[in-house]
Every structure is written in C-alpha cells, then in structure tokens.
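From first to last, the protein sequence lines stand for chains A and B. Residue numbers for the first sequence follow our numbering, beginning at 1 and rising by one. Residue numbers for the second sequence follow our numbering, beginning at 1 and rising by one. Here a beta-carbon is modelled for each residue, glycine too, at the ideal position from N, C-alpha and C. Owing to the predicted nature of the structure, the values given are computational and were not obtained by experimental measurement.
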Amino acid sequence: MTPISYFLVLSALLFAIGVLGVLIRRNVIVMLMSIELMLNAVNLAFIALGRQVGSIDGQVIVFFVITVAAAEAAVGLGIVIAVFRNRATVNADELNLLRW
Amino acid sequence: MSLGLFFFLAVLAALSALGVIAQRNPVHCLLALAVNLLDIGVMFVGLGAVTVGFLQIIIYVGAIMVLFLFVIWLLNLQAEGFSGYLGLKLFGAIGAAALAAEFATLFLHTSRISTPGASALTQGTITTLGRHLFSDYLVAFEITSLLLLAAVVGAIGLARRPPLSAGLSAAAGSDLATAESPRQMSRSMSVSAEQQTTTPRAGSA
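Structure (structure tokens):
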C-alpha cells in the first residue's frame with residue numbers, strides 16, 4: 001500500500017513543473033498545456049486526500065475541475081485563434097499592446 | 001495500488017511532464033501531455049476513483065487533446081527556439097524549485113496529522129458519485145451546465161471571423177458617397193464577364 005504522502009509529493013512535483021512551463025515557455029498554446037498540467041496535479045492531490053479521509057467529495061470536486069478545465073481550454077483556444085488572426089503570432093512576448 | 005506500480009507511474013508522469021515543457025515542437029508537447037493525462041487517469045483508477053479516472057481519459061485525452069491538436073494544425077505552428085528573457089527563465093526555475101520543495105516538505109508532514117481514514121467509501125463508482133452529484137452538489141451541477149453553455153457561446157463568438165454584414169454595409173456606404181459608382185461597377189462587371197466569356201472561345205478558336 002502506497003503512503004498518501006507519495007502521491008502528494010508527486011502532485012507537488014507536477015504542479016511545479018507546470019509553473020515552470022508557464023514561466024519559461026513563450027508559446028501561448030504550450031502555456032495553456034502547462035496550465036492543464038497544474039490542474040491535473042491538483043486533481044491528483046484531491047483524489048489522494050479524498051481516499052485518505054474516506055470521503056467521496058474529493059472525486060466530486062475533481063469532476064467539476066475537469067468540467068471547468070474543458071471550458072477553459074475551449075475559451076482559451078478561441079482567444080488564441082482571435083489573437084493569431086490579428087497579430088499573426090502566438091508568442092507571448094510579442095503581445096505587448098497593453099504595455100506602457 | 002502497489003508500490004512498484006506507483007513508482008512506475010510516477011516516473012512516467014514526471015518524465016512526460018518534463019517533456020511538455022522541454023519539447024520544441026508543439027505537437028510533441030501535446031503528445032507528452034496526453035501521456036501524462038493517461039498516466040494520471042490510471043493513477044485515479046488505482047486510487048479507487050474509477051469513474052473519475054475514466055472521465056479524465058475520455059474528456060482530457062479524447063476531447064481537449066483533439067481540440068489542442070486542431071488549433072495547432074489550424075495555426076500551422078512549427079518548432080521554435082527558446083526565446084525571451086533569460087533572467088525571467090532563471091527566476092522561474094528558481095521559483096518553481098522553491099515551490100516544489102515547499103510543497104513537498106509540507107505534504108511529507110501530512111501523514112502525521114491526518115487520520116488514517118476508514119476505507120469504506122473509497123470506490124468511486126457511478127452509483128455513489130451520481131448520488132452525491134444529484135443530492136449534495138445539485139446546485140453546482142446545474143451551474144456547471146450554465147458554465148458550459150457560456151463557454152460554448154464565448155468560444156464561438158471569439159473564434160469566428162468578424163461578421164460579413166459589417167464589411168458589406170461599409171462598402172455600400174462608400175458606394176453611396178460616390179453617386180454613380182454602382183452603375184459603373186455593374187457595367188464594368190458585365191464588360192469583364194463578357195471578356196471572360198469571349199476570351200476562352202478566342203483561345204480555343
């Protein structure tokens with residue numbers, strides 16, 4: 001039987017890798033993928049802790065998180081397409097129209 | 001879940017997550033992300049959350065990955081070099097390492113404070129999950145449908161082309177400013193149509 005803390009450490013590692021991906025990558029689509037990585041890490045922590053406590057609420061919350069992630073991906077990719085149509089780039093460093 | 005299976009899945013998850021942020025081609029990043037999501041889904045099933053694990057595989061790997069792939073191919077993204085500010089990347093690496101270390105030390109102490117739960121309610125079958133969804137979480141479940149509707153409308157509104165009627169009305173307004181231009185335009189169009197119909201005959205003759 002695997003201890004609960006192993007899952008939590010793996011979740012922390014995956015979350016940090018997602019944060020690193022958002023910070024070092026400049027492609028907006030890859031940044032969205034890194035956000036999905038972070039959401040998954042949090043889902044893993046929810047499932048592991050829910051099993052530890054013996055409650056099903058963690059799984060229900062993961063269900064909602066998956067739904068929100070689907071909506072976020074759809075809207076985010078729509079924004080990427082709209083930006084690409086106007087600026088012809090997906091590089092986050094070149095999208096500096098609001099910078100003063 | 002046995003310890004050996006956990007370590008296999010954990011190493012695979014970490015490697016694929018590193019592949020997401022280290023590959024240069026976005027399609028390769030997406031493939032690594034699909035491996036990672038499948039891996040986490042298997043881990044969910046191993047933890048007893050059977051329904052959520054299969055939902056993860058169906059929704060993430062089946063739907064969201066295809067959406068990402070479609071957008072990558074629609075925008076025709078090629079492999080790219082690592083550009084941008086090096087200082088920000090260094091700061092990001094240090095910050096992410098500090099975050100991982102902090103979370104790990106925090107989570108390594110949770111086994112002492114959390115009660116070893118009774119493993120009675122750990123199998124997340126469709127029955128138990130649905131019973132909770134439609135009793136305790138009914139309001140959140142209904143609001144989720146509203147969220148999905150808003151996401152559909154918002155995604156279509158963002159990603160569609162600017163409406164064609166606005167461009168047509170602008171063109172009509174400019175035509176009305178110069179009074180006789182519609183007639184001229186129709187005349188020139190008919191002339192060009194005649195030319196187009198006559199030139200292939202001349203060419204064939």
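is_contact[residue i, chain A] using C-beta, thresh 8 Å
i                    : result
glutamate 80(B)      : yes
alanine 34(B)        : no
isoleucine 126(B)    : no
leucine 38(B)        : no
valine 139(B)        : no
histidine 212(B)     : Absent from the structure is residue 212(B), since the part of chain B shown begins at 1 and ends at 205.
valine 20(B)         : yes
valine 71(B)         : yes
leucine 27(B)        : It should be pointed out that residue 27(B) corresponds to valine in this sequence rather than to leucine. Not one chain A Cβ lies under 8 Å of valine 27(B).
phenylalanine 211(B) : Look at the range of chain B in this structure, 1 to 205, and you will see that residue 211(B) is not part of it.
phenylalanine 8(B)   : no
leucine 108(B)       : yes
leucine 75(B)        : yes
glycine 92(B)        : yes
isoleucine 57(B)     : no
leucine 31(B)        : no
glycine 62(B)        : no
glycine 48(B)        : yes
glycine 87(B)        : no
leucine 218(B)       : No information on residue 218(B) is available, as it lies outside the stretch 1 to 205 that chain B covers here.
leucine 15(B)        : no
Pairwise C-alpha distance: residue j and residue i
i                    : j                   : result
alanine 82(A)        : glycine 76(A)       : 10 Å
leucine 33(B)        : serine 135(B)       : 34 Å
valine 30(A)         : valine 71(B)        : 12 Å
leucine 77(B)        : leucine 31(B)       : 15 Å
phenylalanine 103(B) : alanine 12(A)       : 6 Å
valine 80(A)         : valine 28(A)        : 7 Å
phenylalanine 91(B)  : valine 42(A)        : 23 Å
phenylalanine 44(B)  : alanine 16(A)       : 20 Å
leucine 18(B)        : histidine 28(B)     : 12 Å
asparagine 96(A)     : glutamate 36(A)     : 24 Å
alanine 155(B)       : serine 16(B)        : 29 Å
arginine 160(B)      : valine 153(B)       : 11 Å
glycine 50(A)        : alanine 79(B)       : 40 Å
tyrosine 137(B)      : aspartate 57(A)     : 9 Å
phenylalanine 141(B) : alanine 70(A)       : 15 Å
leucine 129(B)       : phenylalanine 46(A) : 15 Å
alanine 92(A)        : serine 2(B)         : 43 Å
phenylalanine 63(A)  : leucine 9(B)        : 22 Å
glycine 54(A)        : leucine 55(B)       : 21 Å
proline 162(B)       : alanine 73(A)       : 22 Å
alanine 49(B)        : tryptophan 73(B)    : 34 Å
glutamine 123(B)     : alanine 88(A)       : 49 Å
alanine 97(B)        : glycine 18(A)       : 11 Å
aspartate 22(A)      : valine 60(A)        : Residue 22(A) is actually valine in this sequence, not aspartate. Rounded to whole angstroms, valine 22(A) to valine 60(A) spans 27 Å at the Cα level.
leucine 10(A)        : valine 11(B)        : 9 Å
isoleucine 94(B)     : leucine 88(B)       : 10 Å
threonine 67(A)      : phenylalanine 7(A)  : 23 Å
glycine 4(B)         : glutamate 94(A)     : 46 Å
alanine 100(B)       : tyrosine 85(B)      : 23 Å
threonine 127(B)     : leucine 98(A)       : 50 Å
Chain B contact for residue i (CB, 8 Å cutoff)
i                : result
asparagine 86(A) : no
asparagine 96(A) : no
arginine 99(A)   : no
valine 28(A)     : no
valine 42(A)     : no
isoleucine 35(A) : no
Per DSSP, the bridge partner or partners of residue i
i                : result
asparagine 91(A) : Asn27(A)
Delimiting residues of the alpha helix (DSSP H) encompassing residue i
i                 : result
threonine 125(B)  : Where threonine 125(B) is concerned, there is no enclosing alpha helix (DSSP H), given that its DSSP letter is neither H nor E.
glycine 4(B)      : 3-22
isoleucine 143(B) : 138-159
Inside the stretch 16-91 of chain B only - beta strand (DSSP E) runs reaching at least 3 residues: The stretch 16-91 of chain B contains no whole beta strand (DSSP E) run of 3 or more residues.
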